[in-house]
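Under my numbering, read the sequence shown as residues 30 to 168, first letter to last.
Each residue gets a CB set at the ideal place from its N, CA and C atoms; glycine is no exception.
Because the structure is a prediction, the values reported are computed rather than measured.
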Amino acid sequence: LFSDSVKDAKEQGRKKKQGGTPRETYYLQLAHAVFENDEDPETRLLFEQNPQVFIKPVQTRFGILKKKYNEVNKSLKQSGTGITFEDLQKDPEMKTLLDSHLVKFLWWPDLHGWWRTNPAYNTMSSSADPGQDFESNAL
């Protein structure tokens, strides 16, 4: 799920390195964490008998969570980028906007805690520090 930066590799005069582990391995580990102790004995048995079958559904669900997470982020625009959920809740306008989304997507605060600064997951992410006023310096 992670790889070397093309930019860093070029600057250092070397080839880009990518992780040697296929993504499916990570999705299988995630499926293992979710289904190994499932409360439904049939689900646990199905997972024990054929764990590979669970990779694609976990991968699909992961993609759905990422998509929904970024839909909320787009409604926040750059206002929520990199800022913690707790800090966003302090702004009454942001709180109202977030609360309207949380009715339909309760996972957002948890995902934001993990993904808010990771551009691979947060498409609205920025490397700029919050609070900088770039507009006033632009000509």
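Classification of residue i by the beta-carbon crowding that lies within 10 angstroms, buried from 16 upward
i    : result
I112 : buried
L135 : exposed
Y74  : First, the amino acid is wrong: residue 74 is Leu here, not Tyr. Classification of L74: exposed, given that the 10 Å Cβ count is below 16.
N102 : buried
Cutoff 6 Å; reference residue i; Cβ partners in own chain excluding five residues on either side
i    : result
F163 : Model confidence at F163 stands at a pLDDT of 49, short of 50, so the residue's coordinates are unreliable; what they give is reported in the following sentence. Around F163: no qualifying Cβ.
W144 : Y150 and N151
Which listed residue (the options) has its alpha carbon closest to that of residue i
i    : options                  : result
Q81  : A60, R43 and D116        : A60
L131 : F64, Y150, E100 and W143 : E100
L140 : K103, K133, K97 and D116 : K97
E53  : K103, Q88 and D120       : Q88
N79  : F64, D69 and E68         : F64
Other residues of its chain near residue i: CB distance less than 7 Å, five sequence neighbours each side excluded
i   : result
L94 : W136 and L140
Same chain, Cβ closer than 8 Å to residue i, neighbours up to 5 away in sequence not counted
i   : result
F91 : Y56 and L59
Note to self: When you compare the stretch 53-70 with the stretch 84-104, are there three or more beta-carbon pairs, one atom per stretch, that lie closer than 8 Å?
What the structure shows: Touching, yes.
Checklist entry - Can you list, in chain order, the stretches of the beta strand (DSSP E) that have 3 or more residues and sit fully within the stretch 82-127? => result none
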